[in-house]
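Peer 1: Below is a structure I'd like to ask you about.
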Amino acid sequence: MARSSTIDRPAAKSEQRELVITRIFDAPREQVWKAWTEPEVSKRWWGPKDFTTPVSTIDLRIGGKYLYCMRGAGPDGVVKDYWGTGVYKEIVPLKRLVYTDSFADEKGNVVPATHYGMGKDFPLEMLVTVTFEELDGITTMTLRHAGIPEGEMADLTRAGWNESFDKLRQELAKGSVQRAA
């Protein structure tokens, strides 16, 4: 059975707020990497617990784009689609992903957070760095999400990522993320 543990710590003070979450998965790094880089796998875990991801496209190359749709109830209880996009800046297979992160419309055009009823304090583009380290079949994954506004949005973003990672742990435990043949 796959297990994970959470180390959630605030980043050091800097000009830009950075959310840092470290999770430990009882799974080989190759499987955790695959969960991040293969659209059909990412659809099964991406998004907070009550959200689904009906769309995920990944062009995994430097300069390549990704686009996803998270579907879930908004603050008003109405089910809504939330789109996101970004561009891959650095890819070190099985070790590191660096990509931009922006709110988007269904065509992949970057839109302000206000498009989804969020505050104006979100930048149009944020930066995500994910690292993967393995020791004896156990993978330590660290996510750094730079640019998240402080306060409630940081708390909601942290909760959303952690709920996504709980879903990832469940996918890994099911054995549904297979190593490459």
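Residue numbering for the sequence shown follows the numbering used here, beginning at 28 and increasing consecutively.
The beta carbon of each residue, even a glycine, is placed where N, CA and C say it ideally should be.
1) For Ser69, which three-state DSSP category applies?
2) Taking only the alpha-carbon atoms, compute the straight-line gap between Tyr143 and Thr166 and give it to the nearest angstrom.
3) Going by Cα to Cα distance, which pick from Tyr126, Phe78, Arg56, Glu67 is closest to Ala186?
4) Just tell me which of Lys76, Leu154, Pro120 has its CA closest to the CA of Ala100.
5) What are the start and end residues of the alpha helix (DSSP H) that includes Thr64?
6) Are the segment 107-115 and the segment 127-134 touching, with three or more C-beta to C-beta distances below 8 angstroms?
7) Can at least three beta-carbon pairs, one atom from the segment 187-194 and one from the segment 149-158, be found at a separation below 8 angstroms?
Peer 2: Based on what the coordinates show:
1) In the sequence shown, the residue the question calls residue 69 occupies position 42. Correct three-state label for Ser69: helix.
2) For this step, residue 143 is matched to residue 116 along the sequence shown. For this step, residue 166 is matched to residue 139 along the sequence shown. When rounded, the distance between both Cα atoms is 34 angstroms.
3) Position 159 of the sequence shown holds residue 186. Of Tyr126, Phe78, Arg56, Glu67, the residue nearest in Cα terms is Phe78.
4) For the purposes of this step, residue 100 is taken as the residue at position 73 of the sequence shown. That would be Lys76, whose Cα lies nearest to the Cα of Ala100.
5) The residue you call residue 64 lines up with position 37 of the sequence shown. It spans 56-64 - the alpha helix (DSSP H) in which Thr64 sits, taken as one unbroken run.
6) Taking one beta carbon from each stretch, the segment 107-115 and the segment 127-134 have 3 or more pairs nearer than 8 angstroms; the two touch.
7) no
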